[in-house]
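With mature numbering (1 follows the signal peptide of the UniProt record, and there is no 0) applied, the sequence shown covers -25 to -1, 1 to 298.
Cβ atoms here follow ideal geometry from the backbone N, Cα and C, with glycine treated the same way.
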Amino acid sequence: MKRWLNKFTYTTLGLGLALTATMIAGCSESTETVSKGDKLKVYTTLAAETDFVKQIGKDHVDVVTWLPFDTNVWQWAPTLADQKNLESADIYIRNGVHVEDRWWSQTEAEMKIKNKKLLIVDASQGIEPKYKLQRLNNPDVSDEEKNKERQDPYYYLDPVNAKIEVDAIEAALEKKAPKFKDDFKKNAEDFKKQLDELDKSYQDTLSKVKHKELVSPYPAYQYMAKRYGLTYYVPTTFNSNKIPWDDQPKADALKADLAKHDFKVAFFEEEAAPRVQEFLAEFGYRSLIINPYEGAQDPAAYKTYLEVMRENLKQLELGLNKD
């Protein structure tokens, strides 16, 4: 993915059913049901929620991720065609933490007129605490960026938070298609058991790694890091446009800064540019990839949330044990 690298929870499951009512905010309070053989039409902003819908709804849903593959989530907005498609949707699941800020108020207002039956789910409801974007704490970020006080939208990369999202999505599907309630409930429970197993795998693996600091220029992994006892650092100077190639004092200062951190491998959301790899190698570091699971997946090479998270764990285990 071609993205910016210089721009930009610990939750108790006891919240459970007490929060379900607040997790769902619709444009209409009416409950719409689907006729036999029909499927619920669901749209989501990000890929993780799409997969959660697939795992819970299975044959009872058609679901589409709005954010295209290989797209900067902070610069993207839905097209007119996207907006038109939402007019016939049953459910829209939004990330809810700044991702939709630039265009959401207008979209919501239009749907209140053009699709009064649309049920809108804020997937972030019930997720606490919500963290600030980690890069805003870095010294090389402008005061203007720091003052934006943006929260971190990547809560879904913590499997415990994912379980809270599953409860919200299950409730939404049951509200719109109550005749399939038993199916949704069973599928959700099965999926949450798999999320529990994933959580345990992360706990067991990351508790034993040599290096306890996750370093990545892409600020997507804070919730995951904090859940599993890792510290998190976002060096935005890893962006190839910021590397001080021809400024030895700045290069020395960066090297000294990196030396303060407990890592041998920096994690990128795509393969690091050759110049960045060269820069890292000069200082004795290397790079690996972990996937933030944002944009729409290629149907021909679809990967589930569980598959991506397991692949990420293997990369983390490799990188955090590197000598």
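Query	Result
Among residues of its own chain, excluding the 5 on either side of A23, which ones have a beta-carbon nearer than 6 Å to its beta-carbon?	Y131, Y268, Y280
Does the distance from the CB of K14 to the CB of V36 come in under 8 Å?	yes
So, are the CB atoms of A64 and V17 less than 8 Å apart?	yes
So what's D298 in DSSP terms, helix, strand or just coil?	coil
Just to confirm my understanding: we take E62, look at its own chain, exclude 5 residues before and 5 after, and list those with CB closer than 6 Å. What are they?	K89, N90
In the DSSP assignment, find the beta strand (DSSP E) that holds I264 and state where it starts and stops.	261 to 264
Going along the chain, which residues of its own chain have a beta-carbon closer than 8 Å to the beta-carbon of D158, five neighbours each way excluded?	K33, H35
Would DSSP call A(-8) helix, strand or coil?	A caution first: A(-8) carries a pLDDT of 41, below 50, which makes its placement in the model too unreliable to give a value.
How many Å lie between E282 and D26 at the Cα?	11 Å
Cα-Cα, which of M86, L108, K92 is closest to P210?	L108
Cα-Cα, which of L55, T46, T54, T20 is closest to V39?	T20
Can you check whether the CB of Q197 is closer than 8 Å to the CB of Y129?	yes
Please classify D97: does DSSP put it in a helix, a strand, or coil?	strand
Express the C-alpha separation of P192 and A163 in angstroms, rounding to a whole number.	34 Å
The alpha helix (DSSP H) with I144 in it runs from where to where?	134 to 151
Give me the Cα-Cα distance between G204 and L55, rounded to the nearest whole angstrom.	43 Å
What does DSSP give as the partner residues of I66 in its beta bridges?	V17, L94
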